[in-house]
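Asker: Read in our numbering, the sequence shown has 1237 at position 293, and its numbers run on one by one without any break. Right, I'll just put the structure down here and ask away after.
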Amino acid sequence: MTEFSSRVEQMSISGIREVFEAAGEDAINLGLGQPDFPTPVHAREAATEAIDAGEADGYTSNKGTRELREAIAAKHERDNNLAVDPANVIATAGGSEALHIVMEAHVESGDEVVFPDPGFVSYDALTRLAGGTARPVPLREDLTLDPATVEEAITDQTAAFVVNSPANPTGAVQSVEDMRAFARIADEHDVVCVSDEVYEHMIFEGEHRSPAEFAETDNVVLVNACSKTYSMTGWRLGWVTASHERTERMLRVHQYVQACASAPAQYAAEAALSGPQDPVEEMAAAFERRRDLLVDAFAEMGLDCPTPEGAFYAMPRVPEGWVDEVIDRGVVVVPGEAFGDEGEGYARISYATDIETLEEALDIMREATAAVQ
Ligand SMILES: Cc1ncc(COP(=O)(O)O)c(C=O)c1O
C-alpha cells in the first residue's frame, strides 16, 4: 500500500471537532467559530444577481475580479489607512486558504514559524504541512502576545511569526505599541510577520491597528476575510495582501490549489465590503453585550477570565474536570489544550449565540463549577 506523507501523518483532526462529536444532539453549542447572524442582504443579493445574469459561471482572474480587489484596497484605505495596490491582493477561499498560501510561499523545509500558544489551530497545522517546524510561544497573563517573547524565539531558522488580533481563542487585542514592535521585529530580523486580522471589526476596547501600518520593509503579510466581519463563513471568501514580490509567489500556489475564489462569493464580498457597514456595527454591539454577561458570570462563579476585548470568545481559567462536567451537562465548550499545550487549564467559550441561550448555558456552568470545587 502507498504510505501516507510524513507531513500529513504529523497532523490530526482538530480537537474542536472531537468535542462536537462527543456532545449530544440537543447540546448548547458554545464551541462554534462563526457569528449567529445572517449575511447582509445586499451581499446575498449581489451574488444572486450575478448568478442570474450568468456572470458567475466561469473562472475569474486567478487573483479575483478587479472590482473585488479594488473594494478590498478601498477597505484598507478606509479602515486601516493603508495604501494597497489591487494588483497585490489575492482573493482566497477564506482566511484559511490565505494562511495556507502564505506558509507555502515562505516556509522552507526545516524553517521555523513562531505563533501564539494558545492560538488558532491552523498556524501549527499549516506550518507542518509546509514542511516547517512549529515554534509555539506562551502568552502574557492577560493572554496577549508579548513582542519580547516573539523576539526571543527568533533564530536563524525563523521564516515567519504570526500575530492574530483580536485573537482566537482568547479574544485578546494587541496594543498599538505591540503592533509597532511586531513591525520592528519583522524589519530588524528580516522575517515575515503574518498578521491575521479576520476579527478586525469585532472589537470592544481600544482600536484595531495593523503591523502593516508601521513596517518599513515589505515583511508584513496581511490576511483578512469576509467570514467573521460579515457573517459569511459559508461563502469562503478571504484575501491576502503583500508586496508585489510576495504576492507573485503566493499566486503561484493559489493558481494550482484553487485557481480562483468562488465567483458568486466574490460578488457577495465586493458588495459586503463596499456597501453599508451598519450590520457589522450591530453585530459587534451584540457581541459586546454578551461578552459583558459572560465576564460578570465568570467573576461570580470565581473563575478567573481575562476580559476579552474583541472577537467572540472568552477564555476563563477553569478547574480540573470542569470542561467534562460542562459537556456532560449538555453545553459544548472547547478545552484550552485544543489550541496548544499552554491552553491547558483554560476553556474556550464562543458567545456567538443569543443571550437567552447563553444564560441557560451559564446556569449549567454554575452547576458544573459547583460540582468540581
Ligand atoms: C484567527 C482565525 N484566522 C483565520 C480563520 C479562518 O477563517 P475562514 O477560513 O473561515 O475565513 C479563523 C476561523 O476560525 C480564525 O479564527
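The beta carbon of each residue, even a glycine, is placed where N, CA and C say it ideally should be.
What separation, rounded to the nearest whole angstrom, lies between the Cα atoms of glutamine 1317 and proline 982?
Answerer: Cα to Cα, the separation comes out at about 39 Å.
Asker: Just to confirm my understanding: we take alanine 1015, look at its own chain, exclude 5 residues before and 5 after, and list those with CB closer than 8 Å. What are they?
Answerer: Correct list, in chain order: Ala1213, Glu1214, Leu1217, Ser1218.
Asker: Report, in whole angstroms, the separation of the C-beta atoms of valine 1167 and valine 1046, which I expect to be a contact under 8 Å.
Answerer: Indeed, because the Cβ distance is near 7 Å, the residues count as touching under 8 Å.
Asker: Would you say the region 1173-1193 touches the region 1062-1072, given that touching needs at least three Cβ pairs under 8 Å?
Answerer: No, the region 1173-1193 is not in contact with the region 1062-1072.
Asker: Let's test the definition: count the other Cβ atoms within 10 Å of the Cβ of phenylalanine 1283 and tell me whether it reaches 16, buried, or not, exposed.
Answerer: Per the 10 Å Cβ criterion, buried.
Asker: Answer yes or no: do proline 1208 and alanine 1000 have a C-beta to C-beta separation smaller than 8 Å?
Answerer: Yes; because the gap between Cβ atoms is below 8 Å, this pair is in contact.
Asker: Between the alpha carbons of glutamine 1118 and valine 1138, how many angstroms are there, rounded?
Answerer: If I take the Cα positions, the gap works out to 14 Å.
Asker: Please confirm whether valine 1106 and aspartate 1140 have their CB atoms less than 8 Å apart.
Answerer: Contact: yes.
Asker: Any residue with its Cβ nearer than 6 Å to a heavy atom of ligand 1 should be included. What is that list in chain order?
Answerer: Per the Cβ criterion, the list is Gly977, Gly1038, Gly1039, Ser1040, Phe1064, Asn1108, Asn1112, Asp1140, Val1142, Ala1169, Ser1171, Thr1177, Gly1182.
Asker: Could you give the distance in angstroms between the alpha-carbon of glycine 977 and the alpha-carbon of alanine 1296?
Answerer: Going by the C-alpha atoms only, they are around 7 Å apart.
Asker: By the DSSP assignment, the beta strand (DSSP E) with glycine 1182 in it spans what residues?
Answerer: 1182-1185 is the extent of the beta strand (DSSP E) around glycine 1182.
Asker: What residues match up with proline 1060 in a beta bridge as DSSP calls it?
Answerer: Per DSSP, Val1081.
Asker: Please report the residue range of the beta strand (DSSP E) in which serine 1294 lies.
Answerer: 1291-1294 is the extent of the beta strand (DSSP E) around serine 1294.
Asker: Ignore the nearest five residues each way along the sequence and tell me which others in histidine 1198's own chain have a CB closer than 7 Å to its CB.
Answerer: If we look at histidine 1198 and ignore the five residues flanking it on each side, its Cβ neighbours are Asn1006, Ile1034, Thr1036, Ile1045.
Asker: Given a threshold of 16 other Cβ atoms within 10 Å of its Cβ, counted over all protein chains shown, does alanine 1116 qualify as buried or as exposed?
Answerer: Buried, since its Cβ has 16 or more Cβ neighbours within 10 Å.
Asker: Classify glycine 998 as buried or exposed, calling it buried when 16 or more other Cβ atoms lie within 10 Å of its own Cβ.
Answerer: By the 10 Å Cβ count, glycine 998 comes out exposed.
Asker: What does a CB cutoff of less than 8 Å around alanine 994 pick up in its chain, not counting 5 residues either side in sequence?
Answerer: Here the set comprises Ala1000, Ala1207, Pro1208, Tyr1211.
Asker: Taking the C-alpha atoms as reference points, what is the distance between proline 1250 and alanine 987?
Answerer: When rounded, the distance between both Cα atoms is 35 Å.
Asker: Let me know the secondary structure DSSP gives valine 1275 once reduced to three states.
Answerer: Valine 1275: strand per DSSP, three-state reduction.
Asker: At which residues does the alpha helix (DSSP H) containing isoleucine 995 begin and terminate?
Answerer: Run containing isoleucine 995: 985-996, per the alpha helix (DSSP H) assignment.
Asker: Nearest-angstrom Cα distance between leucine 1238 and leucine 1306?
Answerer: Roughly 8 Å separates the two Cα atoms.
Asker: I think alanine 1092 touches arginine 1079, with their Cβ atoms under 8 Å apart; what is that distance to the nearest whole Å?
Answerer: Not confirmed; about 15 Å, so no contact.
Asker: Report buried or exposed for histidine 1188, applying the criterion of at least 16 other Cβ atoms within 10 angstroms of its Cβ.
Answerer: Histidine 1188 is exposed by the Cβ-count criterion.
Asker: What ranges does the beta strand (DSSP E) occupy inside the region 1119-1169, keeping only unbroken runs of at least 3 residues that lie completely in it?
Answerer: Segments of the beta strand (DSSP E) lying fully in the region 1119-1169: 1136-1140, 1164-1169.
Asker: Let me confirm a value: arginine 1292 is counted as buried when at least 16 other C-beta atoms fall within 10 Å, else exposed. Which label applies?
Answerer: Buried, since its Cβ has 16 or more Cβ neighbours within 10 Å.
Asker: With respect to the alpha helix (DSSP H) encompassing alanine 1116, which residues constitute its N-terminal and C-terminal limits?
Answerer: Here alanine 1116 belongs to no alpha helix (DSSP H), and DSSP marks it neither H nor E.
Asker: Measure from the alpha carbon of serine 1175 to the alpha carbon of each residue in Val985, Glu969, Arg1010, then state which is nearest.
Answerer: With distances taken between Cα atoms, serine 1175 lies closest to Val985.
Asker: Can you check whether the CB of isoleucine 1129 is closer than 8 Å to the CB of glycine 1254?
Answerer: No, they are not a contact pair.
Asker: Is the beta carbon of leucine 1302 sitting closer than 8 Å to the one on arginine 1234?
Answerer: Yes, the pair counts as a contact, with Cβ atoms nearer than the cut-off.
Asker: On the three-state DSSP scale, how would you describe threonine 946?
Answerer: Coil at threonine 946, not helix or strand.
Asker: Residues in its own chain within less than 8 Å of cysteine 1228 by CB, not counting five upstream and five downstream?
Answerer: Note on residue identity: the sequence assigns alanine, not cysteine, to residue 1228. Closer than 8 Å at the Cβ level, and outside the excluded window around alanine 1228, lie His1145, Met1146, Ile1147, Phe1148.
Asker: With a threshold of 8 Å, are at least 3 pairs of Cβ atoms found where one atom belongs to the region 1010-1027 and the other to the region 1068-1075?
Answerer: Taking 8 Å as the limit for Cβ pairs, the verdict is that the region 1068-1075 does not touch the region 1010-1027.
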